[in-house]
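J.:
There are 2 protein chains.
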Amino acid sequence: MDLFSKVSRTAGKHSLLEEEIRKLPVPVSSVFLGKDGKIRPADFRQTDMTLVCKGHDRISQVFPKTIAKGGSIVLEAVASEKAATVSGKRVAVLFSGGPAAGGHNVLAGLAAVLGKQNTLMGIRRGPGGLVKGDLFEIDAQSVNSLINLGGFDFLGTDRTKIKTAEQFEKVKKTVLDNKIDGLVIVGGDDSNTNAAFIAEYLAKENIDCSVIGIPKTIDGDMAAGRYLPISFGFDTATKIYSEMVGNLTQDAASAVKYYHLVKLMGRTASKITLEVALQTKPAITLISEEIAEKNMSLGQVVDYIARIITLRRLKGINHGVILVPEGLVEFIPEMARLIAELNKVLSEYEKDISDLPSVENKREFLLPHLTAPSAQLLASLPPDLQEMLILDRDDHGNVKVSQIETEKLLIEKIRYRLSEMKRHTENFFGKGEGKIEADPVQIEDFKKVVLSTQSHFMGYEGRSSKPTRFDAAFTFQLGLAAGSLVLSAKTGYMAAITDFHKGGRVLALPLTGLVTAEMRKGKEEFVIEKSLVDLSSPSFKLFVQNRDKWANEDCFSSPGAIQYWGPTSKQVPLIVALDQDYPDFACFDLGEDKQIAPQ
Amino acid sequence: MDLFSKVSRTAGKHSLLEEEIRKLPVPVSSVFLGKDGKIRPADFRQTDMTLVCKGHDRISQVFPKTIAKGGSIVLEAVASEKAATVSGKRVAVLFSGGPAAGGHNVLAGLAAVLGKQNTLMGIRRGPGGLVKGDLFEIDAQSVNSLINLGGFDFLGTDRTKIKTAEQFEKVKKTVLDNKIDGLVIVGGDDSNTNAAFIAEYLAKENIDCSVIGIPKTIDGDMAAGRYLPISFGFDTATKIYSEMVGNLTQDAASAVKYYHLVKLMGRTASKITLEVALQTKPAITLISEEIAEKNMSLGQVVDYIARIITLRRLKGINHGVILVPEGLVEFIPEMARLIAELNKVLSEYEKDISDLPSVENKREFLLPHLTAPSAQLLASLPPDLQEMLILDRDDHGNVKVSQIETEKLLIEKIRYRLSEMKRHTENFFGKGEGKIEADPVQIEDFKKVVLSTQSHFMGYEGRSSKPTRFDAAFTFQLGLAAGSLVLSAKTGYMAAITDFHKGGRVLALPLTGLVTAEMRKGKEEFVIEKSLVDLSSPSFKLFVQNRDKWANEDCFSSPGAIQYWGPTSKQVPLIVALDQDYPDFACFDLGEDKQIAPQ
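These protein sequence lines are chains L and B, in that order. Heads up: the first sequence runs through residues 82 to 680, numbered per my numbering. Heads up: the second sequence runs through residues 82 to 680, numbered per my numbering.
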């Protein structure tokens, strides 16, 4: 073949890496292996572990059927002793929400454990496809062409919320029309809450269809401590962001003139930011959960950053990297209050405000309706941001918090703070509390600082990458587990894996044990609480122990590109290894490496 | 060691990958190997190849000393037959301009070939450090700790241009004070032009100091066809961008709702964009050189994109990736003319314009001074961009072209075009030239299109990565070559490597043969012309052959993360393999793998 053909033929997922990666063996936990060494469904037995969340009494009322079946008891997979395996079952799977690396290995795991004697169906474009009944049969060849590859593109995804009676009716119709015995929902906290409701609904309707959730989200917030240290996709996403941030730390020190400000995806939990910080050791890292806990104001956050920039400058360092979690603004208590007040006023006086011709008029109208601290804060924000907060609202009339350009806000505020420090050096330098010690020469030098910044947002590029070896193995086990649960006719569970460092322990967590009942704005809400950064966790403690050192001098390290071969390919996330007390982070063990051959 | 210590100790470039990558062997071309298998300097002999550029007569007048030494003849390295090696030489090296992956392996190559019997000095912070005389001796241990790592941070870099008599005097002082026998300048076109002048100046001053250039730039525009297919850093940068763009192609198809618009670094040449397109096969790719050649207007560029988005929509595809080279705007002829006119008017009427109070007043003043087509074009641009073009000027009073947010401009224009198409479907759909064939149902569906875009800029994250195996090998050879040239007392050459697929051929290109003399705005300028995308090259042809297919359906492939081990680790850039007519792109050969041990 000539080179023209060779290059042209890499199209359609046939890059050299894609070709080679399909051949990589995937580990299989011993519970899924028969005595012949072939994959077969595991059985599940009860453990002595139970999950009970806030509002459990109310949960028992809302999910009576599911609770009746298994209660709050965690199940554990064991190798099956049965002679025969189940056959003739039809299992449908869907992806929900944003993509995460490893989704296709969930399909591969499902296909492998269901075997030829059962049928795997794919639901197109997420929960919306389930409602519409948009299904197709997945053939073995497709699965084999997708193994170890990234993205959700084989099925697609969406964010449809299944809430109305009409939607549930349609789900029922899809299940009955397609004779589905099992429904596997791959998603985050919302989707797994949905799964709990669908499981209960189908049970109530006396339809024999297992509903099983699989924990997905790059944010890592769909987790349950020692039962489920992390969701799938987190490892791959954070390794990609760490590669890029590591490159930027090295670039900052090379070009010796820039501060790179990097906003990292993750609206709620700062787990991504914490993991990337542990991997790369940048000069400055903000963790939303800590800022909320310490009740820091925007001004205090800005001061913290400006102070580190100044201290570095005094040492002759005029560059660095600053990591900021995407959801920061909502975790600064005074900003959260301002946004809540704005939402209230904007909806109460919707008509009055929309009638006013200019932003200035609207602001004039708004300010007296805010509390004094919120009015002051709003007035102190950059004009662009004020305008955005006043004018841009989502379909529910709320401020579009996700659109706030946190990086621009911080940069503008930091610049202002530095200029203030230059104009009034006497207030910032010298002896005394909070002041920075510096000699006159250093202060004169500081006055010359020009802050050059580059801002970055990292998110989408980490969602659909080829999974790391860890995520590839993790998701394959999750698929094997979910398939086994369906074949055991369990319903209302989430497949989970733990003990990544010693063979993997395969669990099934009762969804009703994860869902909490809460009153929010007078309405009862059922939610799986997002797992945030725990400020008492070993991973956060390690970060706190080291951050001053990382701020004071360049300590960066650059973990580099994800490796699929070689000595670095078997890492787990640092926060998992630290918080689960593993002896190492560099060598996961999820079973026996198997070449997943075409069936 | 407990896990806390293990994680803490990854700080300061001790990530698992950094530790492992230092141990990776680097190939050494046979010309640098003695009979004992150890590294030793090569000799250089004349070839029958000569380099002659535009304005050669004038070049001969300006560079008489350099020309007298070697003329325009290309030299080739051969294994030395000499018994003894040179000793006691002092060689200084600097990095110039933006970082590129592999710089530290240049140092390692230099250190290896100079050996203990000579001294390697590092110049801090680029040409500025050369002028200031900021040098230090590089010890073997530092070099060994940096091998195969990324960035320029060991030396730093800057962009000082050495032009004035005073600066040349200072360079002379630095050379004499530090008894430097050789000066190695690692840089792009400007820096290598500088190297030519410094070589000539030192020769004229009768100072025995070799000056050798090394071709660096992620843009790949410091190249010389079959003598030097590419500069170092290009392979690593494009592989990182291809990883990210590949992930986005997969993400677009997974989330099924976004167009990701990606602006790729490279102010002049679109080589980065072409390489990334060949690697990932996105829906739409713009190549600046083609747009200039076809004299396309901004409107035509926008039409081209909007048409593909529409055709995809008619097939039910509402997502994709659009690649745009950073320098696009300057290559759209009408935009280039507008900018040139603006620069002229803004400088001619500087005072008048700055006296006017508002942007509106300034625009009012400007418009009559522009040609009609430029005035019309300016008025058609988004208000933000108009304001930026009128208000923001650099130190020379010119429009800050690099600050133009091309991605925002395009997105706004595409949106407008699509809304026009929706409002006047009769003008765009139907039979006839340029019209799109579609049935009424399709047209109604098209009217519902909401264009959701995410824009990205990829640049800095690709400059300081750990080099690919190719760039690591390439730069090590360049260091060996430059060191050998200095020890052979050659001056005014650029080290070059070619034939990456069969052992590597090591050349020395006379800098005076690369520099062209030109009259620009009445001033004589000496420049190394940037090597742009050649529209008749095989790589561009392959792109043109395939792009309609890539536009019509999802053909993306995702080359994935750079691999340092395993079957995909030995790739060369596709444009190099295609344009140099290699039989394959997947297996470079630059010599015998050597463990570069501490000296």
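Don't be surprised by glycine CBs; every beta carbon is placed ideally from N, CA and C. A quick note: this is a predicted structure, and the numbers were derived from the prediction, not measured.
#1: Just checking: is the beta-carbon of residue 450 of chain B within a distance shorter than 8 Å of some beta-carbon in chain L?
#2: Check residue 522 of chain B in the structure and name its three-state DSSP category.
#3: In chain order, what residues of the segment 466 to 493 of chain L put their CB closer than 9 Å to some CB of chain B?
#4: On the CB-based measure, 16 or more other CB atoms within 10 Å of its CB, does residue 635 of chain L come out buried or exposed?
#5: Taking the Cβ atom as the reference point for each residue, do residue 387 of chain L and residue 502 of chain L lie within a distance shorter than 8 Å?
#6: In angstroms with no decimal places, state the Cα-to-Cα distance between residue 423 of chain L and residue 491 of chain L.
#7: Buried or exposed: which applies to residue 325 of chain L, given that a residue is buried once 16 or more other Cβ atoms fall within 10 Å of its Cβ?
#8: Contact criterion: CB-CB distance below 8 Å. Does residue 206 of chain L meet it with respect to chain B?
#9: Hey, residue 304 of chain L and residue 572 of chain L: beta-carbon distance below 8 Å or not?
#10: Just grab the DSSP bridge partners of residue 127 of chain B for me.
#11: Just to confirm the assignment: which complete alpha helix (DSSP H) runs, minimum length 4, are found wholly within the segment 430 to 488 of chain L?
#12: Could you give the distance in angstroms between the alpha-carbon of residue 596 of chain B and the alpha-carbon of residue 292 of chain B?
#13: Does residue 266 of chain B have its Cβ less than 8 Å from a Cβ in chain L?
#14: Using the Cβ count rule (16 or more neighbours within 10 Å means buried), how would you classify residue 234 of chain B?
#15: Would you say residue 232 of chain B and residue 456 of chain L are within 8 Å of each other, going by their C-beta atoms?
#16: So, with DSSP's three-state summary, where would you put residue 680 of chain B?
#17: Could you tell me if residue 685 of chain B is buried or exposed, where buried requires 16 or more neighbouring beta carbons within 10 angstroms of its beta carbon?
#18: Would you report the Cα separation of residue 538 of chain B and residue 495 of chain B, rounded to the nearest angstrom?
#19: Under a CB-based cut-off of 8 Å, is residue 232 of chain L close to chain B?
#20: Under 7 Å Cβ-Cβ, which residues of chain L neighbour residue 325 of chain B?
#21: Excluding five sequence neighbours on each side, which residues of the same chain lie with their C-beta closer than 6 Å to the C-beta of residue 354 of chain B?
#22: Would you call the segment 550 to 564 of chain L and the segment 572 to 587 of chain L touching, i.e. three or more CB-CB distances under 8 Å?
#23: Taking only three categories from DSSP, how would you classify residue 271 of chain B?
#24: Bridge partners of residue 341 of chain L, per DSSP?
#25: Can you give the Cα-Cα distance for residue 470 of chain L and residue 481 of chain L, rounded to whole angstroms?
#26: Does any C-beta atom of chain B lie closer than 8 Å to the C-beta of residue 301 of chain L?
#27: Using a Cβ-Cβ cutoff of less than 6 Å, which residues in the same chain neighbour residue 665 of chain B once the five nearest sequence positions on both sides are dropped?
#28: Would you report the Cα separation of residue 318 of chain B and residue 358 of chain B, rounded to the nearest angstrom?
#29: Is it buried or exposed, residue 531 of chain B, if we count other Cβ atoms within 10 angstroms and call 16 or more buried?
#30: Can you check which of these residues, L:394, L:340, L:655, L:673, is closest to residue 522 of chain L by C-alpha distance?
#31: Mind checking residue 300 of chain L: buried by the 16 CB within 10 Å criterion, or exposed?
#32: Does the beta carbon of residue 379 of chain B come closer than 8 Å to any beta carbon on chain L?
#33: Quick one: give me the first and last residue of the alpha helix (DSSP H) that residue 364 of chain B is part of.
#34: Which residues bound the beta strand (DSSP E) around residue 700 of chain L?
#35: Does residue 318 of chain L come within less than 8 Å of chain B when only Cβ atoms are used?
#36: Would you call the segment 147 to 158 of chain L in contact with the segment 169 to 184 of chain L, where contact means no fewer than 3 C-beta pairs closer than 8 Å?
T.: The structure says:
#1: Taking the second sequence and counting its residues from 1, the one referred to as residue 450 of chain B is at position 369. It does not; no Cβ of chain L falls within 8 Å.
#2: For the purposes of this step, residue 522 of chain B is taken as residue 441 along the second sequence, with counting starting at 1. Correct three-state label for residue 522 of chain B: helix.
#3: none
#4: Residue numbering aside, residue 635 of chain L sits at position 554 when the first sequence is read from its first letter. By the neighbour-count rule (16 or more Cβ atoms within 10 Å), residue 635 of chain L is buried.
#5: On the first sequence, position 306 is the one that residue 387 of chain L refers to. On the first sequence, position 421 is the one that residue 502 of chain L refers to. Going by C-beta atoms, residue 387 of chain L is nearer than 8 Å to residue 502 of chain L.
#6: On the first sequence, position 342 is the one that residue 423 of chain L refers to. On the first sequence, position 410 is the one that residue 491 of chain L refers to. Going by the C-alpha atoms only, they are around 21 Å apart.
#7: Translated into positions along the first sequence, residue 325 of chain L becomes position 244. Buried, by the Cβ-count rule.
#8: Residue mapping note: residue 206 of chain L aligns to position 125 of the first sequence, counting from 1. Chain B contact via Cβ: present.
#9: The sequence position of residue 304 of chain L within the first sequence is 223, counting from 1. The sequence position of residue 572 of chain L within the first sequence is 491, counting from 1. In this structure, residue 304 of chain L lies away from residue 572 of chain L, with their beta-carbon atoms at least 8 Å apart.
#10: As a working note, residue 127 of chain B is residue 46 in the second sequence. In DSSP, residue 127 of chain B forms a bridge with B:156.
#11: 431 to 436, 440 to 447, 453 to 461, 464 to 472
#12: Locating residue 596 of chain B in the second sequence gives position 515, counting from the first residue. Locating residue 292 of chain B in the second sequence gives position 211, counting from the first residue. Going from the Cα of residue 596 of chain B to the Cα of residue 292 of chain B covers about 15 Å.
#13: Against the second sequence, residue 266 of chain B aligns to sequence position 185. Chain L has no Cβ within less than 8 Å of the Cβ of residue 266 of chain B.
#14: To locate residue 234 of chain B, count along the second sequence from 1; it is residue 153. Its Cβ being crowded by 16 or more others within 10 Å, residue 234 of chain B is buried.
#15: Taking the second sequence and counting its residues from 1, one reaches residue 232 of chain B at position 151. Taking the first sequence and counting its residues from 1, one reaches residue 456 of chain L at position 375. No, the pair does not count as a contact, with Cβ atoms beyond the cut-off.
#16: Counted from its first residue, the second sequence places residue 680 of chain B at position 599. For residue 680 of chain B, the predicted structure reports a pLDDT of 46, less than 50, and the residue's modelled location is therefore unreliable. The matter cannot be settled from this model.
#17: With chain B running from 82 to 680 in the structure shown, residue 685 of chain B is simply not present.
#18: Here residue 538 of chain B refers to the residue found at position 457 of the second sequence. Here residue 495 of chain B refers to the residue found at position 414 of the second sequence. Roughly 18 Å separates the two Cα atoms.
#19: For the purposes of this step, residue 232 of chain L is identified with residue 151 of the first sequence, where counting begins at 1. Residue 232 of chain L counts as touching chain B.
#20: Here residue 325 of chain B refers to the residue found at position 244 when the second sequence is read from its first residue. Within chain L, the residues near residue 325 of chain B are 542.
#21: Counting from one through the second sequence, the residue named residue 354 of chain B turns up at place 273. Once the five neighbours on either side are set aside, the close Cβ partners of residue 354 of chain B are 345, 404, 406.
#22: yes
#23: The residue given as residue 271 of chain B occupies position 190 in the second sequence. Three-state result, residue 271 of chain B: helix.
#24: Looking up residue 341 of chain L in the first sequence gives position 260. Answer is L:402, L:535.
#25: In the first sequence, residue 470 of chain L corresponds to position 389, counting from 1. In the first sequence, residue 481 of chain L corresponds to position 400, counting from 1. Our two residues, residue 470 of chain L and residue 481 of chain L, have alpha carbons roughly 8 Å apart in a direct line.
#26: As a working note, residue 301 of chain L is residue 220 in the first sequence. It does not; no Cβ of chain B falls within 8 Å.
#27: By 1-based counting over the second sequence, the position of residue 665 of chain B is 584. Cβ within range, chain order: n/a, list empty.
#28: Position 237 of the second sequence holds residue 318 of chain B. Position 277 of the second sequence holds residue 358 of chain B. Their backbone Cα atoms lie some 14 Å apart in a straight line.
#29: As a first step, residue 531 of chain B must be located in the second sequence, where it is residue number 450. Result: exposed.
#30: Counted from its first residue, the first sequence places residue 522 of chain L at position 441. The shortest Cα separation from residue 522 of chain L among L:394, L:340, L:655, L:673 belongs to L:394.
#31: Counted from its first residue, the first sequence places residue 300 of chain L at position 219. Under this definition residue 300 of chain L is a buried residue.
#32: Position 298 of the second sequence holds residue 379 of chain B. Using a CB distance cut-off of 8 Å, residue 379 of chain B does not count as an interface residue toward chain L.
#33: The residue you call residue 364 of chain B lines up with position 283 of the second sequence. Run containing residue 364 of chain B: none; DSSP gives neither H nor E here.
#34: The requested residue 700 of chain L does not occur in the structure, where chain L is confined to residues 82 to 680.
#35: Taking the first sequence and counting its residues from 1, one reaches residue 318 of chain L at position 237. No, residue 318 of chain L does not count as interfacial toward chain B.
#36: Segments in contact, no.
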